Amino acid sequence: MRLSQFHLATVKEVPADAEIASHQLMLRAGMIRKLASGLYTWSPLGLRVLRKVENVVREEMNRAGAIEMLMPTIQPRELWEETGRWQKFGPQLLKIKDRKEQEFCYAPTAEEVVTDYARNELNSYKQLPVNFYQIQTKFRDEIRPRFGVMRAREFLMKDAYSFHLGQESLAETYQAMYDAYSRIFTRLGLKFRAVQADTGAIGGNASHEFQVLADSGEDAIVFSDGSDYAANVEKAEALAPATSRPAPGATMERVDTPVQKTIAEVSAFLGVAPAQCVKTLLVKGRDGLVALCLRGDHELNEVKAGKLAELPDEVVLASAAEILAATGARPGFIGPAGLPAAIPVIVDRSAAVLADFVCGGNADGTHQTGANWERDARMTRIDDIRQVVEGDPSPDGHGTLHLARGIEVGHVFQLGGKYAEALGATVLDDQGKAQVMLMGCYGIGISRIVAAAIEQRHDDAGIIWPEAMAPWRVAVCVINPKGNPDIATAGESLYQELAARGIETVLDDRGLRPGAMFADMELIGIPHRVVVSERGLAAGTLEYRARHEAESRAVTRDELLALLG
RNA sequence: CGGGGUAUAGCUCAGUCUGGUAGAGCGUUGCGUUUGGGACGCAAAAGUCGGGGGUUCGAAUCCCUCUGCCCCGACCA
Numbered sequence: 009m010r011l012s013q014f015h016l017a018t019v020k021e022v023p024a025d026a027e028i029a030s031h032q033l034m035l036r037a038g039m040i041r042k043l044a045s046g047l048y049t050w051s052p053l054g055l056r057v058l059r060k061v062e063n064v065v066r067e068e069m070n071r072a073g074a075i076e077m078l079m080p081t082i083q084p085r086e087l088w089e090e091t092g093r094w095q096k097f098g099p100q101l102l103k104i105k106d107r108k109e110q111e112f113c114y115a116p117t118a119e120e121v122v123t124d125y126a127r128n129e130l131n132s133y134k135q136l137p138v139n140f141y142q143i144q145t146k147f148r149d150e151i152r153p154r155f156g157v158m159r160a161r162e163f164l165m166k167d168a169y170s171f172h173l174g175q176e177s178l179a180e181t182y183q184a185m186y187d188a189y190s191r192i193f194t195r196l197g198l199k200f201r202a203v204q205a206d207t208g209a210i211g212g213n214a215s216h217e218f219q220v221l222a223d224s225g226e227d228a229i230v231f232s233d234g235s236d237y238a239a240n241v242e243k244a245e246a247l248a249p250a251t252s253r254p255a256p257g258a259t260m261e262r263v264d265t266p267v268q269k270t271i272a273e274v275s276a277f278l279g280v281a282p283a284q285c286v287k288t289l290l291v292k293g294r295d296g297l298v299a300l301c302l303r304g305d306h307e308l309n310e311v312k313a314g315k316l317a318e319l320p321d322e323v324v325l326a327s328a329a330e331i332l333a334a335t336g337a338r339p340g341f342i343g344p345a346g347l348p349a350a351i352p353v354i355v356d357r358s359a360a361v362l363a364d365f366v367c368g369g370n371a372d373g374t375h376q377t378g379a380n381w382e383r384d385a386r387m388t389r390i391d392d393i394r395q396v397v398e399g400d401p402s403p404d405g406h407g408t409l410h411l412a413r414g415i416e417v418g419h420v421f422q423l424g425g426k427y428a429e430a431l432g433a434t435v436l437d438d439q440g441k442a443q444v445m446l447m448g449c450y451g452i453g454i455s456r457i458v459a460a461a462i463e464q465r466h467d468d469a470g471i472i473w474p475e476a477m478a479p480w481r482v483a484v485c486v487i488n489p490k491g492n493p494d495i496a497t498a499g500e501s502l503y504q505e506l507a508a509r510g511i512e513t514v515l516d517d518r519g520l521r522p523g524a525m526f527a528d529m530e531l532i533g534i535p536h537r538v539v540v541s542e543r544g545l546a547a548g549t550l551e552y553r554a555r556h557e558a559e560s561r562a563v564t565r566d567e568l569l570a571l572l573g
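Per our numbering, the very first residue in the first sequence carries number 9; after that it's consecutive.
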């Protein structure tokens, strides 16, 4: 590509509404432009990168035996009613009407449509297993779109759905997808981790997320230093402490804490470590309020809490008014000792081994010291309800856990029979009997990968693309071609030769001054830069610099060709 | 959904408090000089000041209202 024939639209100034590096750089490089909240136009430059990612994904999906197809983005209400998701998906589902007032949604995912296709097209076990995939636009009406294409409302996703007669076959394809995903992210040059993920309300047997490691990531993940255990923090189990609860050593005493409400305030005021306090959260249960007790230095894991039988899937904290009505005290002074008998008390494993602890006094302005379980405070049940923290033992018994931030770019999931059952997708088995198919689903956020890669790979000058994602591998920059026609000729000939060898090259023939040209090529992250100049012509060399290196060096034409392979 | 902020030229922003003919930098166009790290000079084009309503002799500026966008919160017991 000759840059004079392309549309490059870089900007010097950092856009005002971009917070994180990838968003800023994508705007500055002119890869995307915002149309409205969560909606982005991909420029010619941006699209080149997006297509690179798409093609790697497509190649590896095909290699893993998946079959590409394409489903509509607009889908009829009736189908979504069959699975109950027309209501259940909530406000994230964008609903629209056509001229006949028929209702549709813009697809946030395609289980319904693919399963409808499968129930019509698949009749026999001989057709299984099969794995359909598409690379298609999705729309999710996010509460708060942010970070550019990282969390956009409209985005490009690869979604695959596999169909099976038995669990064993599902597990095989699941593993094949897991392996394909690992190859994809490796080929794309990303630092990533596959982590165990929560299977959520859908149930199912197994689920892994593929997380690109980046400090700006919205997800927290944990991994062990003594094994290959890795999980989303939502899923990671906090083991019960190895030590058992000491016998009570103190008597319980009420102390005045007139304005101290938070654990930090109370522990500072009383001179007691947060780990020796019990914090009590009152949440709305399925049937009245429920108390959740945690060690003062621990946080509630809402996903774990949502699985408790007493609580709805979505954990909601009780309001100040509800707490006052139930306990006679305001938030900040609630504790397990002396709570009304109607409130179940679910105690985290770590909080359960405390003795002589500090907790709220269930009366405004007071806390209790020297409190003890059983003697002073009743426990309905002990369970794992906290978030794991740095240094916790790994749930598999090997090593300790470390925390990291990640960007979820892929998710593989064994769905089981959920959708096939709801939609009546069956095949005849070898006995001639109808069997509900089992399903797996496997997603990759194509557009998000572009942003995630930049998060991981950039410097002050701009993007540093991995070779597999770069819009072009090589940039040929000609200096003052108008002043010296030999330079223009040499640049053109080098460009032709690289192109003839199948090396994707961009020739910067815009005639800009060197500084502006270099700044652009660095901003848009081209991995290899070759400068053709008067100096070089005189010496018979070219000047080469890799994007990730600080210095350039003189090379001959042959050396350059060898270097670029 | 709640809270906060913001809306002025293509972009980044000043001007608003204290009402009086619309500003800068970057970018764009033309001419000239320049050509190894975002060049310089001269000239030029470009804004219904987010929309609507009100107050006033006069509104970017004050008041009301609507809308867009951004941020924060959904961890406080």
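Cβ atoms here follow ideal geometry from the backbone N, Cα and C, with glycine treated the same way.
Quantities reported herein were computed from a predicted structural model and do not represent experimental measurements.
Q.
Would you call the stretch 9-19 in contact with the stretch 515-526, where contact means no fewer than 3 C-beta pairs closer than 8 Å?
A. In short, these stretches touch, since the Cβ pair count reaches three.
Q: Could you check if Val22 is buried or exposed, using at least 16 other CB atoms within 10 Å of its CB as the buried criterion?
A: Val22 should be labelled exposed.
Q: Please say whether Glu261 and Thr377 have beta carbons closer to each other than 8 Å?
A: Yes, the pair counts as a contact, with Cβ atoms nearer than the cut-off.
Q. Unbroken beta strand (DSSP E) runs of length 3 or more, entirely within the stretch 331-382: which are they?
A. Counting only runs of 3 or more, we get 353-356, 365-368 and 374-379.
Q | Cβ-based burial, Asp438 [other Cβ within 10 Å; buried from 16] | A | Its Cβ having fewer than 16 others within 10 Å, Asp438 is exposed.
Q.
Does Ser455 pass the burial test, meaning 16 or more other C-beta atoms within 10 Å, or should it be called exposed?
A. Under this definition Ser455 is a buried residue.
(Q) For Gly369, tell me which candidate among Asp356, Asp384, Val361 and Ser358 has the shortest Cα-Cα distance. (A) Measuring from the Cα of Gly369, the nearest candidate turns out to be Asp384.
Q) On the three-pair Cβ rule with 8 Å, is the stretch 78-88 touching the stretch 48-62? A) The stretch 48-62 and the stretch 78-88 do not touch, with fewer than three beta-carbon pairs separated by less than 8 Å.
Q: Check whether the Cβ of Cys113 sits closer than 7 Å to any heavy atom of the ligand GTP, and report yes or no.
A: The ligand GTP is absent from the structure shown, which contains no ligand whatsoever.
(Q) Using 8 Å for Cβ pairs, my map puts Pro479 next to Val57. What's the rounded Cβ distance? (A) At roughly 5 Å, the Cβ-Cβ gap stays under 8 Å, so Pro479 and Val57 are in contact.
Q. Between Met77, Glu162 and Gln95, which lies nearest to Val121 when the distance is taken from Cα to Cα?
A. Comparing alpha carbon positions, the residue from Met77, Glu162 and Gln95 closest to Val121 is Met77.
Q.
On the criterion of 16 or more Cβ atoms from any shown chain inside 10 Å, does Ser252 qualify as buried, or is it exposed?
A. Counting Cβ neighbours within 10 Å, Ser252 comes out exposed, since fewer than 16 surround it.
Q | Neighbourhood of Ser132 by C-beta, 6 Å cutoff - its chain only, sequence neighbours within 5 removed | A | If you ignore the 5 residues before and after Ser132, its C-beta comes within less than 6 Å of the C-beta of Val435 and Leu436, all in its own chain and listed in chain order.
(Q) I believe Lys410 touches Glu398 by the beta-carbon criterion, under 8 Å. Please report the beta-carbon distance rounded to the nearest angstrom. (A) The amino acid occupying residue 410 in the given sequence is His; Lys does not appear at that position. Right, their Cβ atoms sit about 6 Å apart.
Q.
Just to check my reading of the structure: Val366 and Val280 have Cβ atoms closer than 8 Å, yes? What is that Cβ distance to the nearest angstrom?
A. Going by Cβ atoms, the distance from Val366 to Val280 rounds to 5 Å, so yes, they are a contact pair.
Q. So what's Met447 in DSSP terms, helix, strand or just coil?
A. Strand.
Q) If you run the structure through DSSP and keep just helix, strand and coil, what is Pro401? A) Correct three-state label for Pro401: strand.
Q) Taking the DSSP output, what are the residues bridged to Pro23? A) Answer by DSSP bridge pairing: none, since Pro23 is not bridged.
**Q.** Burial state of Pro80, where buried means 16 or more other Cβ atoms lie within 10 Å
**A.** With fewer than 16 other Cβ atoms within 10 Å, it is exposed.
(Q) Closest to Glu149 by C-alpha separation, out of Pro99, Gly296 and Ala168, would be which residue? (A) Reading the sequence as shown, one finds Asp at residue 149 and not Glu. The closest CA to that of Asp149, considering only Pro99, Gly296 and Ala168, is found on Pro99.
Q.
Using DSSP's beta-bridge definition, name the partner residues of Tyr186.
A. Looking at the DSSP assignment, Tyr186 forms no beta bridge with any residue, so it has no partner.
Q | Closest by C-alpha distance to Arg127, when choosing among Lys315, His172, Glu559 and Ala363 | A | The candidate whose alpha carbon is nearest that of Arg127 is His172.
Q: Figure out for me which residue from Tyr169, Ile151, Ser170 and Ala168 has the closest Cα to the Cα of Arg161.
A: Ranked by how close their Cα comes to the Cα of Arg161, the residues Tyr169, Ile151, Ser170 and Ala168 have Ile151 in first place.
Q) Should the stretch 413-430 be regarded as contacting the stretch 439-448, the criterion being three or more beta carbon pairs within less than 8 Å? A) A contact exists between the stretch 413-430 and the stretch 439-448.
**Q.** beta strand (DSSP E) segment containing Gln219, residue limits
**A.** Ser215 to Leu221 is the extent of the beta strand (DSSP E) around Gln219.
Q. Rounded to a whole number of angstroms, what is the C-alpha to C-alpha distance between Glu567 and Met529?
A. Going by the C-alpha atoms only, they are around 22 Å apart.
Q | Span separating the alpha-carbon of Tyr125 from that of Glu416 | A | C-alpha separation (whole angstroms): 28 Å.
Q.
Buried or exposed for Gly414, going by 16 or more other Cβ atoms inside 10 Å?
A. With 16 or more Cβ atoms within 10 Å of its Cβ, Gly414 is classed as buried.
(Q) Quick check on the burial criterion: 16 or more other C-beta atoms within 10 angstroms. Buried or exposed for Glu129? (A) That one is exposed.
Q. Taking the alpha-carbon positions, what's the Ala562 to Leu520 distance?
A. Ala562 and Leu520 have their alpha carbons spaced roughly 22 Å apart.
Q. Counting Cβ pairs closer than 8 Å, one from the stretch 167-186 and one from the stretch 40-48, do we hit at least three?
A. Contact between the stretch 167-186 and the stretch 40-48 is not established, with fewer than three Cβ pairs separated by less than 8 Å.
Q: Have a look at Gly234 and Pro403 and give me their C-alpha separation to the nearest angstrom.
A: The alpha-carbon separation between Gly234 and Pro403 amounts to approximately 11 Å.
Q) Assuming Leu35 contacts Ala26 under a Cβ cut-off of 8 Å, what Cβ separation, rounded to an integer in Å, is found between them? A) So it is a contact: roughly 6 Å between Cβ atoms.
(Q) If you measure between the beta carbons of Gly225 and Tyr48, is that distance less than 8 Å? (A) Not closer than 8 Å, so no.
Q: Less than 8 Å between the CB atoms is what I'm expecting for Ile331 and Leu290, so what's the real figure, rounded?
A: Between Ile331 and Leu290, the beta carbon gap of about 5 Å places them in contact (Cβ cut-off 8 Å).
(Q) Based on DSSP bridge pairs, tell me the residues matched to His585. (A) Nothing in the structure corresponds to residue 585, since the chain is present only between 9 and 573.
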